[in-house]
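Here's the structure, in structure tokens; my notes come after.
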Amino acid sequence: MTPLTQTKTKAIADGYDPMIGVMHDQREKHKDNTPSFALDLVEPMRPVVDRLILKLIAEETFSGADFDLQSDEVVRINPEFCRLLLSVLATITQFDRRP
Numbered sequence: 003m004t005p006l007t008q009t010k011t012k013a014i015a016d017g018y019d020p021m022i023g024v025m026h027d028q029r030e031k032h033k034d035n036t037p038s039f040a041l042d043l044v045e046p047m048r049p050v051v052d053r054l055i056l057k058l059i060a061e062e063t064f065s066g067a068d069f070d071l072q073s074d075e076v077v078r079i080n081p082e083f084c085r086l087l088l089s090v091l092a093t094i095t096q097f098d099r100r101p
């Protein structure tokens with residue numbers, strides 16, 4: 003489970019609406035699918051994750067197989083590589099897992 007999914011689930015369990023945020027507003031075109039409040043709650047982790055990603059980029063060599071070129075010419079991390087990155091980030095950053 004990703005940190006955003008964990009945060010969204012915890013917000014719902016605590017009685018909050020994960021869709022109504024402060025820093026992430028609902029004016030976007032995908033507002034009905036944007037868990038704005040959950041995004042607000044994980045925002046403090048951004049510098050930690052950014053630092054880890056920059057360190058990974060500096061220390062590792064990536065290959066073309068790590069990425070997928072979409073039909074709209076957008077390049078994305080392939081799903082297998084994304085799962086690996088998420089598992090590494092989750093173990094390193096100690097996301098809040100309180101019951």
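Here the sequence shown stands for residues 3 to 101, numbered as in our numbering. Built from N, CA and C at the ideal position, the CB exists for glycine as well.
The shortest CA-to-CA distance from Leu91 to any of Pro37, Thr11, Met47 and Leu71 is the one to Met47. Distance between Ala13 and Leu56, taken at the CA atoms: about 29 Å. Annotated three-state conformation of Val51 is helix, per DSSP.
With respect to the 8 Å criterion, Gly23 and Phe39 are classified as neighbours on the basis of their beta carbons. The three-state secondary structure of Phe64, taken from DSSP, is coil. Under DSSP, Asp19 forms no beta bridge with any residue. Excluding its 5 nearest sequence neighbours in each direction, Phe69 has C-beta neighbours in its own chain below 8 Å: Val77, Arg78, Ile79, Asn80 and Phe83, listed in chain order.
Here Leu6 has Pro37, Ala40, Leu41 and Val44 as same chain residues with Cβ atoms under 8 Å from its own Cβ, once five neighbours each way along the sequence are excluded. CA-to-CA, the gap between Leu87 and Glu75 works out to about 23 Å.
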